[in-house]
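Visitor: In the working numbering, the protein residues as written are 1 to 225.
Sending over a structure as structure tokens; questions will come in a sec.
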Amino acid sequence: MFIAETFTSLQGEGVLVGVPSFFIRTSGCNLRCRWCDTPYTSWLPEGDRRSLEDLVAEARASGVKHAVVTGGEPLLQREIGLLTRELRAAGLHVTVETAATVAPDFDCDLLSVSPKTANSDPQGVWRERHRRLCADREPLRSLLHRFPEYQIKFVVAEPDDLAEVLAVLEEIGGIDASRVLLMAEGRDAAEVAVKAGVVADLCSEHGFRYTPRLHLDLFGAGRGV
1 MFIAETFTSL QGEGVLVGVP SFFIRTSGCN LRCRWCDTPY TSWLPEGDRR
51 SLEDLVAEAR ASGVKHAVVT GGEPLLQREI GLLTRELRAA GLHVTVETAA
101 TVAPDFDCDL LSVSPKTANS DPQGVWRERH RRLCADREPL RSLLHRFPEY
151 QIKFVVAEPD DLAEVLAVLE EIGGIDASRV LLMAEGRDAA EVAVKAGVVA
201 DLCSEHGFRY TPRLHLDLFG AGRGV
């Protein structure tokens with residue numbers, strides 16, 4: 001598999017925030033979000049080829065009980081099904097984080113989907129392809145049908161973004177509001193803090209959950225956190 005990095009840290013976002021976890025960050029993505037906080041996995045993907053055996057052994061040796069497979073877009077990796085099954089067979093709780101633009105065969109204990117709204121659109125040659133992939137909701141529907149344990153996270157840059165969030169949820173249908181999480185856009189803790197209050201108010205108004213970005217608060221913006 002093409003892997004950007006592996007590391008042990010605290011889960012920074014979502015329903016498992018604060019849980020010690022072993023992260024496997026794949027490299028390569030079919031989207032080009034303008035605010036991507038891991039451009040070394042998308043705009044300029046870098047990394048090393050790692051065997052499944054290596055990755056699973058490192059996850060087991062980490063001593064934690066949770067594994068997070070993230071990216072980039074991990075569902076583009078040909079071996080994603082084998083990796084997730086091997087991690088679960090090793091006794092690890094597996095979270096898979098995805099933008100849900102593809103829906104291959106894999107296993108997980110928690111599906112963490114982050115549909116991208118228009119605030120992610122890049123400029124230039126990638127814009128049309130990025131928007132086309134984001135607008136196709138069929139992979140998202142397929143994944144949510146397959147995995148009853150899920151969370152759906154949206155990045156909010158400004159209050160007007162909520163209209164698109166609500167439109168996406170209506171289009172998909174059947175989404176439990178308590179599984180919807182909003183997080184403030186920002187590449188560091190200072191940028192997030194500026195928007196956090198507004199996003200928290202939107203959560204209160206609509207019955208969604210607010211997710212912090214704990215890794216930014218504790219460790220700052222950087223790799224391996």
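Beta carbons: idealized from backbone N, C-alpha and C, even for Gly.
Applying the criterion that 16 or more other CB atoms from any shown protein chain within 10 Å of the CB defines a buried residue, is V165 buried or exposed?
Guide: The residue labelled residue 165 in the question sits at position 165 within the sequence shown. Result: buried.
Visitor: So, helix, strand or coil for F219, using DSSP?
Guide: The residue given as residue 219 occupies position 219 in the sequence shown. Looking at F219 - three-state DSSP - the assignment turns out to be helix.
Visitor: Using beta-carbon positions only, say whether E171 and R132 come within less than 8 Å of one another.
Guide: Stepping through the sequence shown from its first residue, residue 171 is reached at position 171. Stepping through the sequence shown from its first residue, residue 132 is reached at position 132. Cβ distance not < 8 Å, so E171 and R132 don't count as in contact.
Visitor: Spatial neighbours of L92 within its chain, please: CB distance less than 7 Å, with the 5 preceding and 5 following residues excluded, ordered by chain position.
Guide: Residue numbering aside, residue 92 sits at position 92 when the sequence shown is read from its first letter. Excluding positions up to five away in sequence, the list reads A59, K65, H66 and A67.
Visitor: Could you give the DSSP three-state label for K116: helix, strand or coil?
Guide: Working through the sequence shown from its first residue, we reach residue 116 at position 116. Three-state result, K116: coil.
Visitor: For V69, which of helix, strand or coil comes out of DSSP?
Guide: Within the sequence shown, numbered from 1, the residue matching residue 69 stands at position 69. Here V69 sits in strand by DSSP.
Visitor: Please determine if the region 80 to 97 and the region 41 to 56 are in contact, where contact requires at least 3 C-beta pairs separated by less than 8 Å.
Guide: Taking 8 Å as the limit for Cβ pairs, the verdict is that the region 41 to 56 does touch the region 80 to 97.
Visitor: Using three-state DSSP, classify S204 as helix, strand or coil.
Guide: As a position in the sequence shown, residue 204 is number 204, starting the count at 1. Residue state, collapsed to three classes: helix.
Visitor: Report the three-state DSSP secondary structure of D161 (helix, strand or coil).
Guide: Locating residue 161 in the sequence shown gives position 161, where the first residue counts as 1. Of the three classes helix, strand and coil, the one that applies to D161 here is helix, per DSSP.
Visitor: Which residues in the same chain have their Cβ closer than 8 Å to the Cβ of D37, if we skip the five residues on either side of it in sequence?
Guide: To locate residue 37, count along the sequence shown from 1; it is residue 37. The residues are R187 and A221.
Visitor: Once you ignore the five residues that flank F22 on each side, which residues in its own chain have a CB closer than 6 Å to its CB?
Guide: Start at 1 with the first residue of the sequence shown, and residue 22 comes out as number 22. So the qualifying residues of the chain are T8, A59, S62, V64 and A67.
Visitor: Mind checking whether P139 and A103 have CB atoms under 8 Å apart?
Guide: Against the sequence shown, residue 139 aligns to sequence position 139. Against the sequence shown, residue 103 aligns to sequence position 103. In contact: P139 and A103 (Cβ atoms closer than 8 Å).
Visitor: On a CA-only basis, which of S114, S112, L76 and G124 is nearest D105? Give me that one, please.
Guide: As a first step, residue 105 is located in the sequence shown; it is residue number 105 there, counting from the start. Nearest C-alpha to D105: L76.
Visitor: Just checking my contact of V180 with R209 at CB under 8 Å: how many whole Å lie between their CB atoms?
Guide: Reading the sequence shown from its first residue, position 180 is the one you call residue 180. Reading the sequence shown from its first residue, position 209 is the one you call residue 209. With a Cβ gap of about 7 Å, V180 and R209 count as contacting.
Visitor: Since I3 and R25 should fall inside the 8 Å C-beta cutoff, what is the C-beta to C-beta distance between them, to a whole number of angstroms?
Guide: Here residue 3 refers to the residue found at position 3 when the sequence shown is read from its first residue. Here residue 25 refers to the residue found at position 25 when the sequence shown is read from its first residue. Going by Cβ atoms, the distance from I3 to R25 rounds to 7 Å, so yes, they are a contact pair.
Visitor: CA-CA distance, A184 and E79?
Guide: For the purposes of this step, residue 184 is taken as the residue at position 184 of the sequence shown. For the purposes of this step, residue 79 is taken as the residue at position 79 of the sequence shown. Their backbone Cα atoms lie some 32 Å apart in a straight line.
Visitor: First and last residue of the alpha helix (DSSP H) that includes V180?
Guide: By one-based count along the sequence shown, residue 180 stands at place 180. Counting along the chain, V180 falls outside any alpha helix (DSSP H), though it belongs to the beta strand (DSSP E) covering V180 to A184.
Visitor: Quick one: is R132 near chain D, going by C-beta distance under 8 Å?
Guide: In summary, chain D is missing from the structure at hand, where a single protein chain is found.
Visitor: Starting from the C-beta of T117, find all residues in its chain whose C-beta is less than 8 Å away, skip the five residues before and the five after it, and write them out in chain order.
Guide: Position 117 of the sequence shown, counted from the first residue, corresponds to residue 117. Cβ within range, chain order: C134, F154, V155, D161, E164, V165 and V168.
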